[in-house]
Amino acid sequence: MLEVDRCPECKVPEPFSQGQTWLNNGDIVQPVNHEIRMSFIECENLDPLFKNIGDIIGMPVERFVINIAARSTKRYMSSVIPEEVKEKLQTIPHRHRDGDLELERCPTYGVPAALSGFRWYLDRGLIVNKHTRRRMAMLGPELLDGLFRALEAELGEAIPNAVVEAQRRFTKTGFYSIEEVSDEGDFRTQLALRGMGNLKDIQIGR
């Protein structure tokens, strides 16, 4: 296996730290192209989401997922692919809006210090949350946005409501617990760490 340098403090692999930039509004972007937004999310919620959508609309969506994931990967890697082989993709560029979020940073690599809460199994290509044991992945939001747009274009205006209902069904399974959002400050950090924005206020009830 190729040797990869890691930060002596946060243990984050050097290529990962150089491949993303966390902005002050809770967004993650590519350092070489701030129009490409990224998300650092749990993998386990994706398969149930796609299955629920398929159940609701009465047909599987796997072929859409595979096709759009392949195109999104090409776009993510466009900075290292020769110009003559690049494929033009119809995606919406991300436009940064300034924020006031200041994440605690690793003094060595400059990435969010909260990344020390993950284990990096380079031999297996896995990133795992130490606390929840959930597998993580860095994805471009256009993967899901493109999938939902493609489904809507082919199957009609019912798709947006189907997506909302599919996520609601998944949330009811208990994958997320109220304990994970009991501390507003930590929840704000975790959202920003995932590229999900800058939480301003939250009210939690039972």
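Going by numbering that gives the first Met the number 0, the sequence shown opens with residue 0, and the numbers climb by one from there. Beta carbons: idealized from backbone N, C-alpha and C, even for Gly.
Would you identify the three-state DSSP class for residue i, choosing helix, strand or coil?
{"i": "ASN66", "result": "helix"}
{"i": "GLU61", "result": "helix"}
{"i": "GLN29", "result": "strand"}
{"i": "GLU13", "result": "helix"}
{"i": "GLY196", "result": "coil"}
{"i": "PRO106", "result": "coil"}
{"i": "THR131", "result": "coil"}
{"i": "GLU41", "result": "strand"}
{"i": "GLU183", "result": "helix"}
{"i": "GLU34", "result": "strand"}
{"i": "ARG148", "result": "helix"}
{"i": "LEU138", "result": "strand"}
Could you give the residue range of the alpha helix (DSSP H) that holds residue i?
{"i": "ARG118", "result": "Unbroken run through ARG118 is the beta strand (DSSP E), 117–120; no alpha helix (DSSP H)."}
{"i": "VAL48", "result": "Note on identity: in this sequence residue 48 is Leu, with Val being the wrong assignment. Run containing LEU48: 45–56, per the alpha helix (DSSP H) assignment."}
{"i": "ALA161", "result": "157–170"}
Name the residue from the options whose alpha carbon lies nearest to the alpha carbon of residue i.
{"i": "LEU1", "options": "ALA136, LEU121, LYS129", "result": "LEU121"}
{"i": "PHE147", "options": "ILE40, ALA136, VAL162, GLU183", "result": "VAL162"}
{"i": "GLN202", "options": "GLU183, ASN128, THR172, HIS33", "result": "GLU183"}
{"i": "GLU103", "options": "ARG62, GLY25, GLN17, MET137", "result": "GLY25"}
{"i": "GLU43", "options": "ASP185, GLN166, ASP144, GLY57", "result": "GLN166"}
{"i": "ILE55", "options": "ASN160, ARG187, GLY194", "result": "ASN160"}
Could you check where the beta strand (DSSP E) with residue i kicks off and where it finishes?
{"i": "ILE126", "result": "125–128"}
Assuming residue i and residue j are in contact, meaning their beta carbons sit under 8 Å apart, how far apart are those beta carbons, in whole angstroms?
{"i": "LEU48", "j": "PHE169", "result": "6 Å"}
{"i": "LEU192", "j": "PRO111", "result": "5 Å"}
* the stretch 2–10 in contact with the stretch 114–132 per 3-pair CB rule at 8 Å -> yes
Original post:
Are the stretch 30–40 and the stretch 150–165 in contact at 8 Å, needing three or more beta carbon pairs?
Top reply: no
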